[in-house]
Amino acid sequence: MESIIFFDGVCNLCNGFVQFVISNDKQAKFKFASLQSDAAQKILRPFNFPLDELNTIVLFENARPNVVSDGRGKIYLRSRAVLRIAKQLDGIWKIAVVLYIFPSFISDGVYNLVSKYRYKIFGKKDSCLIPTPELKSRFVD
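Counting the sequence shown from 1 gives a position; my numbering is that position plus 367.
Encoded structure:
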């Protein structure tokens with residue numbers, strides 16, 4: 368299965384989350400792309416995802432790797448994306464699944480509150496994250 372995490376490329380919190388996932392994903396299950404990228408346009412378009420919406424993490428899961436996107440994969444947004452990602456990480460992060468007990472309107476409410484103030488609290492970059500040569504293969508163009 369191919370899993371791609373789309374994130375706001377200029378958001379410091381989002382970039383920190385990507386670094387966290389990379390360091391806790393020893394099997395390299397996840398790939399990454401910014402929501403501002405051409406890859407996001409191609410892959411998320413069939414899902415009618417509003418590509419100007421930068422205030423959410425998007426997890427794209429496709430059971431058919433190497434198929435750009437035919438709409439057959441599935442996307443997860445906000446708290447459900449974060450929980451689904453955490454469940455697949457190495458170490459103690461798997462226990463985040465207990466947070467599924469909260470209905471998504473509650474967990475997404477918390478997510479939306481953090482998202483609304485993320486630039487104010489964590490700041491933002493002038494440009495999207497540029498991966499190091501060692502991590503380049505984990506980023507989708």
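Every residue, glycine too, gets a C-beta built ideally from N, C-alpha and C.
Remember, predicted model here, so these are calculated numbers, not experimental data.
Residue closest to residue i, alpha-carbon to alpha-carbon, out of the options
i              : options                           : result
valine 477     : Ile459, Asp493 and Val449         : Val449
arginine 447   : Ile424, Lys409, Val481 and Val388 : Ile424
asparagine 415 : Val464, Arg439 and Tyr484         : Arg439
aspartate 508  : Ala463, Phe399 and Asp375         : Phe399
lysine 409     : Lys487, Phe373, Val377 and Phe384 : Phe373
lysine 483     : Lys461, Ile452 and Arg445         : Arg445
valine 388     : Ser474, Leu411, Lys441 and Lys461 : Lys461
arginine 505   : Phe384, Phe397 and Lys393         : Phe397
isoleucine 371 : Ala453, Asn429 and Gly490         : Asn429
glutamate 369  : Lys393, Pro413 and Lys441         : Lys441
lysine 393     : Ala453, Phe489, Ala463 and Val481 : Ala453
Identity of the residues DSSP links to residue i by a beta bridge
i                 : result
lysine 491        : Cys378
valine 425        : Phe373 and Leu444
alanine 324       : The chain is shown only over 368 to 508; residue 324 falls outside these bounds and no answer can be derived.
phenylalanine 506 : Phe399
Whole-Å CB distance - residue i paired with residue j, under 8 angstroms assumed
i            : j              : result
arginine 407 : serine 401     : Before going on, a small fix: residue 407 reads as alanine here, not arginine. Indeed they touch by this definition, with Cβ atoms about 7 angstroms apart.
glycine 458  : asparagine 391 : 6 angstroms
arginine 451 : leucine 380    : At roughly 18 angstroms, the Cβ-Cβ gap does not stay under 8 angstroms, so arginine 451 and leucine 380 are not in contact.
glycine 492  : valine 377     : According to the sequence provided, residue 492 is lysine. The question's glycine does not apply to it. Indeed they touch by this definition, with Cβ atoms about 5 angstroms apart.
CB contact flag (residue i, residue j, <8 angstroms)
i             : j             : result
tyrosine 443  : leucine 456   : no
leucine 418   : aspartate 375 : no
glutamine 386 : cysteine 495  : no
Meets three-Cβ-pair contact criterion under 8 angstroms: the segment 457-473 and the segment 498-508: no
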